[in-house]
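Notes follow once the structure below has been shown.
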Amino acid sequence: MISKMKKRIAIVGAGASGLLLASLLNKHLNFDVTLFEKYEHVGKKLLITGNGRCNFTNLHINSNCYNNSWGYDIASSFDCKKYFEDLGMLTTSDNEGRVYPNSLVSNTILDILRDQISNINVLTSTNIVKIKKEKDIFYLTCETKQVYEADILILASGGKTYYKDTNSYTLASMLSHQITLLRPSLTPLKVKENLVSIENIRCKVKAKLLTNNKCVYEDEGEVLFKKDALSGIVIFQLSSIIARYPSTNFEISLDLLPKYEYQEIVDHLNKFSHKMGMFPKMLMQYVLKNSYDKSNESIAKTIKNLKFHVVENIDFKGAQITSGGIKISELTSSLESKYVSNLFMIGEMVDVDGLCGGYNLQFAFASAYVSYLQILKKAGEENEKL
């Protein structure tokens, strides 16, 4: 057990999880907290979340939203919406359960968090490049060779997305932890087909992810055609599944008219031979080009089952999150290292990833909360619930 004397806590990374943890620890006078951020400002990625509106959680969280049940158990343990509302932030939600600040501006949630850490020592433009532990003390060395000491260390330095040059995994490996395969997730998907003729066209679809002609996931939403890729939230969801199964061949089937049955489309084509009025002209021409023949039956089948072959996508450019990270088998349910006492790893750097819709920020915030409870317990504080 850590004694009741004031303890030095170092949090490396001032993103979503690091900021929330700092805001929680700031309530306790017996902690001396320092927050390290390698960039000049805190919460940079938070500002671009949800197209700048910060979709920070979802009302419909369930186990199918995450790549493992361990991550879901942590994510579902914290009422993120209530936490921010208790701090005075009004919220709003949409039909899909996505929750935003009522302002629909990401700065709102960042301002709330910054206000909560006003008494904490925040060191920006401070890149931690080396960590070692001797006896019970962590020694953190930054690029300028300055060394900081801590009794409790939390790594919250993010994944490989956005912060392309992150050293999260290097720091973790210095402390004996292993990393699973890192892959981009919530990203556009490159396909073999040439889509130049329909580039920038949008369409409401039902999308199915297929492997060996078997559907492994399906969802509805808007797809955006790029010259060599598919994009849009519905495609991001498929990419989340693909990221978890490397070296698997996937196809995507798009139903371009999910509200209409096959026979209804055939009847429409029989009635209107000009074939206009269904899609933008270039999309209809693409459908015709990819139909087995020019019969209305074949065209209708293509409309209901337009196929694309996914190209292996290892480019993190454009990806919203990282799939993979610190092995969850090396962490306790409180996100403390099983190998190094008083070391916690939280947020995106852990091998937990969710679907698009606020689930990843929910995990980031919840992982901070769960680690916070364990830190209080180790420090002999009352194990409070928010």
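Per this note's numbering, the sequence shown starts with residue -14, numbered consecutively. Glycine included, C-beta positions come from ideal geometry on N, C-alpha and C.
- Message: Can you list, in chain order, the residues of its chain with a C-beta nearer than 7 angstroms to that of H26? Leave out the 5 residues immediately preceding and following it.
- Response: T109
- Please name the residue, chosen from D136, L10, D64 and K29, that lies closest to V325 on a Cα-to-Cα basis. D136
- Message: Quick check: what's the CA-CA separation for I102 versus G3?
- Response: 11 angstroms
- Query: DSSP three-state call for M(-14): helix, strand or coil?
  - Reply: Only weak support is given to the placement of M(-14): the predicted model assigns it a pLDDT of 45, under 50, and the value that follows is read from those uncertain coordinates. Of the three classes helix, strand and coil, the one that applies to M(-14) here is coil, per DSSP.
- Range of the contiguous beta strand (DSSP E) that encloses E236: E236 to D240
- Local Cβ density within 10 Å of L72, reported as buried at 16 or more and exposed below that: exposed
- Query: Taking C-alpha atoms, which residue in A304, E246, L95 and L174 lies nearest to V296?
  - Reply: L174
- Taking the Cβ atom as the reference point for each residue, do M334 and I306 lie within a distance shorter than 8 angstroms? no
- For N87, which residues of its own chain have a beta-carbon under 7 angstroms away from its beta-carbon, when the five flanking residues on both sides are left out? L75, T76 and T77
- Buried versus exposed, by CB contacts within 10 Å (16 or more), P169: buried
- Would you list the one or two residues that DSSP bridges to S170? I306
- Message: Restricting to runs no shorter than 3 residues, where is the beta strand (DSSP E) found entirely within the segment 3 to 77?
- Response: 16 to 21
- Is S225 near D338, with beta carbons less than 8 angstroms apart? yes
- Between the Cα of L32 and the Cα atoms of H45, L98 and V(-3), which residue gives the shortest distance? L98
- Query: Whose CA, out of V355, F348, Y271 and Y357, lies closest to the CA of K42?
  - Reply: Checking the displayed sequence, the identity of residue 42 turns out to be Thr instead of Lys. It is F348.
- Item | As assigned by DSSP and simplified to three states, the class of A364 | coil
- Any chance you could list the alpha helix (DSSP H) runs of at least 4 consecutive residues sitting entirely within the segment 116 to 166, in chain order? 153 to 159
- Message: Quick check: what's the CA-CA separation for I(-13) versus A157?
- Response: Note that I(-13) scores 46 on pLDDT, short of 50, meaning its location in the model is unreliable and no value can be drawn from it.
- Query: Who are H294's beta bridge partners in DSSP?
  - Reply: E236
- Message: Using only CA atoms, which one of N152, D240 and H259 lies nearest to E128?
- Response: N152
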